[in-house]
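*Asks:* Residue numbers (this note's numbering), protein chains in the order written: chain Y, 21 to 135; chain H, 42 to 151.
Don't be surprised by glycine CBs; every beta carbon is placed ideally from N, CA and C.
Have a look at this one before I ask anything.
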Amino acid sequence: KAGVTQTPRYLIKTRGQQVTLSCSPISGHRSVSWYQQTPGQGLQFLFEYFSETQRNKGNFPGRFSGRQFSNSRSEMNVSTLELGDSALYLCASSQRQYEESYEQYFGPGTRLTVT
Amino acid sequence: KNQVEQSPQSLIILEGKNCTLQCNYTVSPFSNLRWYKQDTGRGPVSLTIMTFSENTKSNGRYTATLDADTKQSSLHITASQLSDSASYICVVSASYKLIFGSGTRLLVRP
Chain Y
21 KAGVTQTPRY LIKTRGQQVT LSCSPISGHR SVSWYQQTPG QGLQFLFEYF
71 SETQRNKGNF PGRFSGRQFS NSRSEMNVST LELGDSALYL CASSQRQYEE
121 SYEQYFGPGT RLTVT
Chain H
42 KNQVEQSPQS LIILEGKNCT LQCNYTVSPF SNLRWYKQDT GRGPVSLTIM
92 TFSENTKSNG RYTATLDADT KQSSLHITAS QLSDSASYIC VVSASYKLIF
142 GSGTRLLVRP
């Protein structure tokens with residue numbers, strides 16, 4: 021079974037631009053979560069989608085948005101990029117939404133650098 | 042406030058030695074606790090998941106313990122190998138959200 025895939029793996033953008041990251045979950049998984057990881061803040065939860073609906077959202081500004089398609093693939097978008105948005109963006113998929121002991125599988129991440 | 046604290050922040054050990062990483066949490070309501078291993082530049086990989094009723098769980102050379110009364114967990118690595126060099130992240134699930142610790146960076150030296 022193929023793992024979680026994220027594209028692109030690396031991205032360099034300029035302040036003020038917008039960016040779209042893509043995540044393909046493991047086949048059969050309906051839940052996709054997004055995380056931001058920086059050296060200073062560690063892993064922080066962005067949002068979670070289940071069956072095309074956003075079920076949970078972290079404490080990030082509205083510049084961060086996402087969506088999920090009917091095939092469970094998900095995209096996240098960051099508008100008006102700031103230098104502080106430079107981070108590793110991780111996507112994770114699971115079969116069910118937050119049931120006890122559900123297993124979450126992470127992708128390799130997209131390294132975003134904002135200059 | 043829901044928080045997960047890990048110690049130490051970093052650790053250096055010699056290959057073959059054992060080590061224990063700590064995780065303290067103030068999270069309510071508690072659902073489960075997970076330990077992840079993250080190699081540099083890669084996504085985290087799950088090592089163990091423990092629910093309230095589980096005290097110990099092993100995955101090869103990794104053994105996690107959970108004391109729900111004191112809200113503490115530990116991850117014990119036995120006979121460390123160079124490939125154990127990574128960040129180890131403690132994550133607590135509460136109210137359908139995951140709360141992440143800042144991780145312990147482990148370096149295993151030959």
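If we count Cβ pairs, one from each stretch, closer than 8 angstroms, do we get three or more for the segment 86–95 of chain Y versus the segment 107–124 of chain H?
*Replies:* no
*Asks:* Report back the beta-carbon spacing between residue 101 of chain Y and residue 60 of chain Y to the nearest angstrom; my notes put them in contact at under 8 angstroms.
*Replies:* Taking the first sequence and counting its residues from 1, one reaches residue 101 of chain Y at position 81. Taking the first sequence and counting its residues from 1, one reaches residue 60 of chain Y at position 40. Contact doesn't hold; Cβ gap of about 18 angstroms is too wide.
*Asks:* For the pair the segment 67–84 of chain H and the segment 69–78 of chain Y, tell me if three or more CB-CB distances fall below 8 angstroms.
*Replies:* Of all C-beta pairs linking the segment 67–84 of chain H to the segment 69–78 of chain Y, fewer than three are shorter than 8 angstroms, placing the two stretches out of contact.
*Asks:* Run through the DSSP bridge pairs and tell me what residue 94 of chain Y is partnered with.
*Replies:* On the first sequence, residue 94 of chain Y is found 74 positions in, with the first residue counted as 1. Note: residue 94 of chain Y sits in a beta bridge opposite Y:43, Y:88.
*Asks:* So if I threshold CB-CB distances at 9 angstroms, which residues from the segment 123–134 of chain Y count as touching chain H?
*Replies:* 123, 124, 125, 126, 127, 128, 129, 131
*Asks:* Looking at chain H, which residues of the segment 50–67 of chain Y have a Cβ within less than 9 angstroms of any of its Cβ atoms?
*Replies:* 53, 55, 57, 61, 62, 63, 64, 65
*Asks:* Establish whether the CB of residue 143 of chain H and some CB of chain Y are separated by less than 8 angstroms.
*Replies:* In the second sequence, residue 143 of chain H corresponds to position 102, counting from 1. At a cut-off of 8 angstroms between beta-carbon atoms, residue 143 of chain H makes contact with chain Y.
*Asks:* Just the Cα atoms here: how many angstroms apart are residue 42 of chain H and residue 68 of chain H?
*Replies:* The residue you call residue 42 of chain H lines up with position 1 of the second sequence. The residue you call residue 68 of chain H lines up with position 27 of the second sequence. Taking the straight line from one Cα to the other gives about 8 angstroms.
*Asks:* Using a Cβ-Cβ cut-off of less than 8 angstroms, list which residues of the segment 84–107 of chain H approach chain Y; keep chain order.
*Replies:* The segment 84–107 of chain H vs chain Y, Cβ under 8 angstroms: 84, 85, 86, 87, 90, 92.
*Asks:* If we define contact as Cβ-Cβ less than 8 angstroms, is residue 147 of chain H a contact residue for chain Y?
*Replies:* By one-based count along the second sequence, residue 147 of chain H stands at place 106. No, residue 147 of chain H lies away from the interface with chain Y (no Cβ there is under 8 angstroms from its Cβ).
*Asks:* What are the boundary residues of the beta strand (DSSP E) that includes residue 26 of chain Y?
*Replies:* As a working mapping, residue 26 of chain Y is identified with position 6 in the first sequence. 25–27 is the extent of the beta strand (DSSP E) around residue 26 of chain Y.
*Asks:* Whose C-beta lies closer than 7 angstroms to the C-beta of residue 92 of chain H among residues of the same chain, with five residues either side of it excluded?
*Replies:* Residue 92 of chain H sits at position 51 when you count from the first residue of the second sequence. Once the five neighbours on either side are set aside, the close Cβ partners of residue 92 of chain H are 73.
*Asks:* Say whether chain Y places a C-beta atom closer than 8 angstroms to the C-beta of residue 52 of chain H.
*Replies:* Here residue 52 of chain H refers to the residue found at position 11 of the second sequence. With 8 angstroms as the cut-off, residue 52 of chain H does not count as an interface residue toward chain Y.
*Asks:* At the 8 angstroms Cβ level, is residue 31 of chain Y part of the contact set with chain H, yes or no?
*Replies:* Here residue 31 of chain Y is taken as the residue at index 11 of the first sequence, counted from 1. For residue 31 of chain Y, the answer is no, since every Cβ of chain H falls outside 8 angstroms of its Cβ.
*Asks:* Using a C-beta to C-beta distance shorter than 9 angstroms, which residues of chain Y count as neighbours of residue 42 of chain H?
*Replies:* Here residue 42 of chain H refers to the residue found at position 1 when the second sequence is read from its first residue. What residue 42 of chain H touches in chain Y, judged by beta-carbon distance under 9 angstroms, is nothing: the nearest beta carbon there is about 12 angstroms away.
*Asks:* With 16 other CB atoms within 10 Å as the buried threshold, where does residue 123 of chain Y fall?
*Replies:* One-based indexing of the first sequence puts residue 123 of chain Y at position 103. Within 10 angstroms of the beta-carbon of residue 123 of chain Y lie fewer than 16 other beta-carbons, which makes it exposed.
*Asks:* Going by other Cβ atoms of all chains shown within 10 Å of its Cβ, with 16 needed for buried, is residue 22 of chain Y buried or exposed?
*Replies:* Within the first sequence, residue 22 of chain Y is the residue found at index 2, counting from 1. Exposed, by the Cβ-count rule.
*Asks:* Could you tell me the boundaries of the beta strand (DSSP E) in which residue 99 of chain H lies?
*Replies:* In the second sequence, residue 99 of chain H corresponds to position 58, counting from 1. From DSSP, the beta strand (DSSP E) with residue 99 of chain H extends over 97–100.
*Asks:* Quick one: is residue 41 of chain Y near chain H, going by C-beta distance under 8 angstroms?
*Replies:* Here residue 41 of chain Y refers to the residue found at position 21 of the first sequence. No, no contact with chain H.
*Asks:* By Cβ distance below 7 angstroms, which residues in the same chain neighbour residue 98 of chain Y in space, the five residues on each side in sequence not counted?
*Replies:* Looking up residue 98 of chain Y in the first sequence gives position 78. Within the same chain, 38, 39, 83, 84, 105 come within 7 angstroms of residue 98 of chain Y by CB-CB distance, once the 5 residues on both sides are set aside.
*Asks:* Do you know whose CA, among H:63, H:146, H:50, lies nearest residue 111 of chain H's CA?
*Replies:* Taking the second sequence and counting its residues from 1, one reaches residue 111 of chain H at position 70. The shortest Cα separation from residue 111 of chain H among H:63, H:146, H:50 belongs to H:63.
*Asks:* Using a Cβ-Cβ cutoff of 9 angstroms, what residues of the segment 67–84 of chain Y are near chain H? List them in chain order.
*Replies:* So the list reads 68, 75, 76, 78, given in the order they occur along the chain.
*Asks:* Strictly by DSSP, which residues pair up with residue 78 of chain H?
*Replies:* Taking the first residue of the second sequence as position 1, residue 78 of chain H is located at position 37. Answer is H:86, H:129.
*Asks:* Please state whether DSSP places residue 105 of chain Y in a helix, a strand or coil.
*Replies:* Translated into the one-based positions of the first sequence, residue 105 of chain Y becomes position 85. Residue state, collapsed to three classes: helix.
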